Amino acid sequence: MTENKAVPGCGGDIFVPYEQRKGNESIVYFTRDLSAEGLRKMVERVDAQITGKVAIKLHTGEQYGPNIIPHEWVENLVKKDYPDATIVETNTYYVGDRYTTELHRETLQVNGWTFCPVDITDSTGITSLPVKGGKWFKEMFVGRTLPDYDSLLVLTHFKGHVMGGFGGSNKNIGIGCADGR
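In the numbering used here, the protein residues as written are 55 to 235.
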């Protein structure tokens with residue numbers, strides 16, 4: 055029997071093989087079909103759990119930035135499956151194209167995120183959410199309007215990051231929903 059080693063993103067302490075899961079672990083879907091149809095197939099797997107007022111969290115990018123899920127794929131998904139959905143984002147902590155709400159809205163236009171509403175959730179302030187069982191934090195601060203949504207559909211691209219890490223879901227949620235200030 056081979057020894058199970060810790061894998062980042064799986065609790066940090068123990069790797070739990072799929073067949074040994076108890077059901078409370080996070081489920082992540084991955085596809086190699088990098089197309090609008092591939093995206094739709096992945097979302098179909100969780101569609102039954104997406105209810106009520108739907109927020110879509112994804113990285114909308116710096117101006118003209120290539121490191122985003124193509125907006126055409128997301129537009130196709132929104133128009134066919136979630137016509138009342140809203141894309142959610144927060145302003146960045148660092149100075150750049152998304153540092154202020156005004157600059158952020160301009161960047162959204164440039165990058166083509168114009169097919170549905172976009173809620174910059176911290177544009178009107180922040181709120182705190184409890185972190186149940188948190189090891190390092192008991193609460194986290196997010197954009198004021200994020201708790202107004204019933205479902206959060208997270209669409210994440212992965213890439214090697216210039217700051218020496220691996221950008222993905224932790225960054226998309228941990229930074230992209232949190233108030234950086």
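Note that beta-carbon positions come from the ideal geometry of N, C-alpha and C, so glycine has one too.
Note that the structure is a prediction, hence the values are computed from the model and not measured.
| Query | Result |
| --- | --- |
| Same chain, Cβ closer than 7 Å to isoleucine 104, neighbours up to 5 away in sequence not counted | Ser205, Leu207 |
| Three-state secondary structure (DSSP) of lysine 95 | helix |
| Inter-residue CB distance, isoleucine 180 and arginine 198 (contact presumed, cutoff 8 Å) | 6 Å |
| Local Cβ density within 10 Å of glycine 230, reported as buried at 16 or more and exposed below that | buried |
| Cutoff 6 Å; reference phenylalanine 84; Cβ partners in own chain excluding five residues on either side | none |
| Three-way DSSP call (helix, strand, coil) for proline 201 in this model | helix |
| Pairwise C-alpha distance: glycine 106 and isoleucine 123 | 24 Å |
| Buried versus exposed, by CB contacts within 10 Å (16 or more), alanine 102 | exposed |
| Residue closest to serine 89, alpha-carbon to alpha-carbon, out of Thr114, Glu116, Trp127 | Trp127 |
| 6 Å CB neighbourhood of leucine 209 in its chain, flanking five on each side removed | Leu112, Ile123 |
| C-beta atoms of threonine 155 and isoleucine 174 nearer than 7 Å | yes |
| Run of the alpha helix (DSSP H) containing valine 128, from where it starts to where it stops | 125 to 135 |
| Extent of the continuous beta strand (DSSP E) to which glutamate 156 belongs | That residue, glutamate 156, is in no beta strand (DSSP E); its alpha helix (DSSP H) goes 155 to 164. |
| For valine 185, the nearest candidate out of Asp176, Leu93, Phe195, Glu116 (CA to CA) | Phe195 |
| Simplified DSSP assignment, three categories, for isoleucine 141 | strand |
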